[in-house]
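Since the structure comes first, as structure tokens, the remarks are kept for the end.
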Amino acid sequence: MSKLPHSSSLVRNRSAGSVTARAGVLGLQGDFAEHLVTLDRLGVEGVDVRRPEQLDEIDALIIPGGESTTIGKLASQYGIIDKLKDRVAEGMPVWGTCAGAIFIAKDVPGHPHPLASLMDMTVERNAFGRQIDSFEADLDVKPLGEKPFHAVFIRAPRISRVGPGVEVLARLGDGTVVAARQGRLLATSFHPELTHDERFHRYFLSLGKS
Amino acid sequence: MASQSTPDRNGSKGTWTLKTGLAQMLKGGVIMDVVTAEHAKIAEEAGAVAVMALERVPADIRAAGGVARMSDPEMIHAIMDAVTIPVMAKARIGHFVEAQVLEAIGVDYVDESEVLTPADLKFHIDKHAFKVPFVCGARELGEALRRINEGAAMIRSKGEAGTGNIVEAVTHIRAITEGISQLTELGPDALEKRADEYRVPVELVRQVAKDGKLPVVLFCAGGIATPADAALMMQLGAEGNFVGSGIFKSADPARRAKAIVEATTHFRDAKLVAEVSRGLGEAMRGLSLDSIPAPERLAVRGW
Chain A
24 MSKLPHSSSL VRNRSAGSVT ARAGVLGLQG DFAEHLVTLD RLGVEGVDVR
74 RPEQLDEIDA LIIPGGESTT IGKLASQYGI IDKLKDRVAE GMPVWGTCAG
124 AIFIAKDVPG HPHPLASLMD MTVERNAFGR QIDSFEADLD VKPLGEKPFH
174 AVFIRAPRIS RVGPGVEVLA RLGDGTVVAA RQGRLLATSF HPELTHDERF
224 HRYFLSLGKS
Chain B
249 MASQSTPDRN GSKGTWTLKT GLAQMLKGGV IMDVVTAEHA KIAEEAGAVA
299 VMALERVPAD IRAAGGVARM SDPEMIHAIM DAVTIPVMAK ARIGHFVEAQ
349 VLEAIGVDYV DESEVLTPAD LKFHIDKHAF KVPFVCGARE LGEALRRINE
399 GAAMIRSKGE AGTGNIVEAV THIRAITEGI SQLTELGPDA LEKRADEYRV
449 PVELVRQVAK DGKLPVVLFC AGGIATPADA ALMMQLGAEG NFVGSGIFKS
499 ADPARRAKAI VEATTHFRDA KLVAEVSRGL GEAMRGLSLD SIPAPERLAV
549 RGW
């Protein structure tokens with residue numbers, strides 16, 4: 024545990040007043056509450072983001088699991104996508120889990136709704152089948168150390184193509200890519216917020232200082 | 249390449265984490281009853297997080313009378329092919345073979361539902377025996393915990409389906425949330441007594457008392473007809489909404505569906521709920537509860 028990245032970049036003092044930095048979780052739909060609970064356990068203030076102006080109050084954003092069509096629709100309708108693109112251009116880290124990974128991908132074949140299109144990868148929805156094909160598996164994730172990460176895949180997408188600037192972080196045994204990073208953008212097909220292992224959240228929070 | 253220690257994708261399936269996990273992904277969303285592939289597309293386009301495939305919406309089941317059963321697998325398949333969001337379907341209370349059929353078809357969630365005519369007056373389905381997750385209705389906390397103990401991975405308050413009348417949904421969600429807050433104040437002996445009354449293991453009651461919430465996601469169902477109804481249920485503690493007859497029995501289903509989705513997300517934003525409620529056209533006509541004779545009430549089915 025001690026070798027893992029810590030959230031110090033976000034729990035830092037800003038200027039004179041000791042203001043703790045904040046991480047947002049897009050709260051339009053899905054399991055945003057589970058991410059907020061994990062952030063709280065790590066001592067980071069979480070913000071339930073439902074309006075574009077809230078993106079100015081946070082230093083990092085998690086896009087949770089949920090239905091990507093619903094999240095994409097609500098986000099574009101209320102001007103969140105445009106604002107998010109501005110904040111990412113300014114260097115704000117963004118992490119998408121499952122539906123969130125779909126939301127930030129540049130290329131999503133057949134997706135009916137507008138998405139943020141931030142990270143250079145192709146993400147295929149429901150790539151493993153329907154709910155009865157949902158599964159759990161242990162993954163080796165390099166930046167998280169030796170211990171495997173137990174991953175929960177629910178009607179999960181897969182990352183079928185990564186662009187030149189994208190680093191693959193984890194694969195299934197058959198080689199399918201299920202976690203990747205491009206600079207301060209992070210994508211996982213699975214749900215670290217549904218387990219009690221906080222290493223992925225710590226890793227994400229460390230990206231802000233990279 | 250993946251390292252040797254990484255298992256292939258054939259990891260464990262049908263686990264409790266996966267069953268309850270899908271419901272977590274539906275939170276803050278609206279699940280809509282649809283009877284055709286065309287309805288399903290309208291629902292998906294409006295932002296539904298899932299659809300419930302059935303042959304008749306509850307208002308029509310109520311009007312038709314007779315025995316209401318599981319839908320024709322052909323229409324369920326047509327709806328599964330039409331949309332990319334999860335598809336749920338209903339089995340009769342206790343009819344475990346209808347549930348087996350729905351699992352074989354590949355639906356994402358089975359609703360063991362009082363809207364259909366019960367098949368067993370003694371036993372609900374043993375839901376632990378399935379890989380597909382189940383949602384069940386409840387009118388109060390004891391009923392919710394009995395269903396969870398049988399393996400339900402999601403609970404919905406029952407309301408009175410097909411009425412467009414929110415009063416029963418309010419009664420049931422309040423009974424569930426008040427039951428939970430009472431548990432949080434009870435001592436060990438009183439919790440054991442309560443577990444006896446509820447006919448569930450004391451561990452389950454202790455867990456709810458400790459967490460102050462159900463161990464599974466709680467949605468509202470039965471009577472939502474307007475965006476304000478949807479926001480009301482969210483403010484009363486629902487984590488999402490099922491809407492049945494309320495959408496496709498209204499004058500402009502596409503607009504109303506979208507408005508109910510937005511009101512469910514922004515349920516504390518009265519200005520927004522006001523905005524989306526403007527000019528939606530006729531809501532479904534609705535029924536007063538007094539006009540429904542006791543034998544025709546759906547919520548009392550199940551126990």
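Chains A and B, in that order, are what the protein sequence lines are.
Here our numbering is used: the first residue of the first sequence is 24, the next is one more, and so on.
Here our numbering is used: the first residue of the second sequence is 249, the next is one more, and so on.
Ideal placement from N, C-alpha and C gives every residue a C-beta, glycine not left out.
Where are the alpha helix (DSSP H) runs, 4 residues long or more, that stay fully inside the stretch 154-221 of chain A, in chain order? none
Which partner residues does Tyr357/B have in the DSSP bridge list? Locating residue 357/B in the second sequence gives position 109, counting from the first residue. The partner list for Tyr357/B (beta bridge, DSSP) reads Met336/B.
Measuring CA to CA, which of Pro306/B, Glu322/B, His376/B is closest to Ile353/B? Looking up residue 353/B in the second sequence gives position 105. Answer by Cα proximity: Glu322/B.
When Cβ atoms are compared, which residues of the stretch 268-282 of chain B fall closer than 8 Å to chain A? Gly269, Leu270, Gln272, Met273, Leu274, Lys275, Gly276, Gly277
Over the uninterrupted beta strand (DSSP E) stretch that includes Glu405/B, give me the two end residues. As a first step, residue 405/B is located in the second sequence; it is residue number 157 there, counting from the start. Correcting the residue type first, residue 405/B is Ser in the shown sequence and not Glu. It spans 402-405 - the beta strand (DSSP E) in which Ser405/B sits, taken as one unbroken run.
Measure the C-alpha to C-alpha separation of Asp500/B and Gly529/B and round it to an integer number of angstroms. Taking the first residue of the second sequence as position 1, residue 500/B is located at position 252. Taking the first residue of the second sequence as position 1, residue 529/B is located at position 281. The C-alpha of Gly529/B is placed about 6 Å away from the C-alpha of Asp500/B.
Show which residues of chain A have a CB atom less than 7 Å away from the CB atom of Lys338/B. Within the second sequence, numbered from 1, the residue matching residue 338/B stands at position 90. What Lys338/B touches in chain A: nothing, since even the nearest Cβ is about 16 Å away.
Below 9 Å between beta carbons is the criterion; list the residues of the stretch 130-157 of chain A that meet it against any residue of chain B, in chain order. Gly133, His134, Pro135, His136, Arg148, Asn149, Phe151, Gly152, Arg153, Gln154, Ile155, Asp156, Ser157
For the ligand NAD, is there a heavy atom less than 7 Å away from the beta-carbon of Lys261/B? Ligands displayed in this structure: none; no statement on the ligand NAD is therefore possible.
So that I know if they touch, is there some Cβ in chain A lying closer than 8 Å to that of Lys379/B? Here residue 379/B corresponds to residue number 131 of the second sequence, with the count starting at 1. Answer yes: the Cβ-Cβ gap between Lys379/B and chain A drops below 8 Å somewhere.
How would you label Arg394/B, buried or exposed, when you count the other beta carbons within 10 angstroms and need 16 or more for buried? Along the second sequence, one-based indexing puts residue 394/B at 146. Flag for Arg394/B reads buried.
Within 8 Å, do at least three Cβ pairs link the stretch 382-389 of chain B to the stretch 400-418 of chain B? yes
Which residues does DSSP pair with Glu68/A in a beta bridge? In the first sequence, the residue the question calls residue 68/A occupies position 45. Answer by DSSP bridge pairing, in chain order: Arg45/A.
To test your reading of the DSSP string, which unbroken beta strand (DSSP E) runs of 3 or more residues are found completely within the stretch 279-312 of chain B? Complete beta strand (DSSP E) runs here, min 3: 298-301.
What would DSSP say about Leu84/A, mapped onto helix, strand or coil? Residue mapping note: residue 84/A aligns to position 61 of the first sequence, counting from 1. Under the three-state reduction of DSSP, Leu84/A is assigned to strand.
Selection of the stretch 342-356 of chain B by Cβ proximity to chain A, strictly under 9 Å: Glu351, Gly354, Val355, Asp356
Could you give the first and the last residue of the continuous alpha helix (DSSP H) run that contains Val453/B? For the purposes of this step, residue 453/B is taken as the residue at position 205 of the second sequence. Taken as a continuous stretch (DSSP letters only), the alpha helix (DSSP H) holding Val453/B covers 450-459.
Do the stretch 218-227 of chain A and the stretch 163-183 of chain A make contact, defined as three or more Cβ pairs closer than 8 Å? Judged by Cβ distances under 8 Å, the stretch 218-227 of chain A makes contact with the stretch 163-183 of chain A, as three or more pairs qualify.
Would you kindly work out how many angstroms separate the C-alpha atoms of Ser260/B and Leu217/A, rounded to a whole number? Taking the second sequence and counting its residues from 1, the one referred to as residue 260/B is at position 12. Taking the first sequence and counting its residues from 1, the one referred to as residue 217/A is at position 194. Near 16 Å, if we compare the C-alpha coordinates of Leu217/A and Ser260/B.
Do Asp356/B and Leu270/B have their CB atoms nearer than 8 Å? On the second sequence, residue 356/B is found 108 positions in, with the first residue counted as 1. On the second sequence, residue 270/B is found 22 positions in, with the first residue counted as 1. The answer is yes: Cβ separation under 8 Å.
Distance check for Leu466/B and Gly460/B, CA to CA, integer angstroms please. For the purposes of this step, residue 460/B is taken as residue 212 along the second sequence, with counting starting at 1. For the purposes of this step, residue 466/B is taken as residue 218 along the second sequence, with counting starting at 1. Whole-angstrom Cα-Cα distance: 13 Å.
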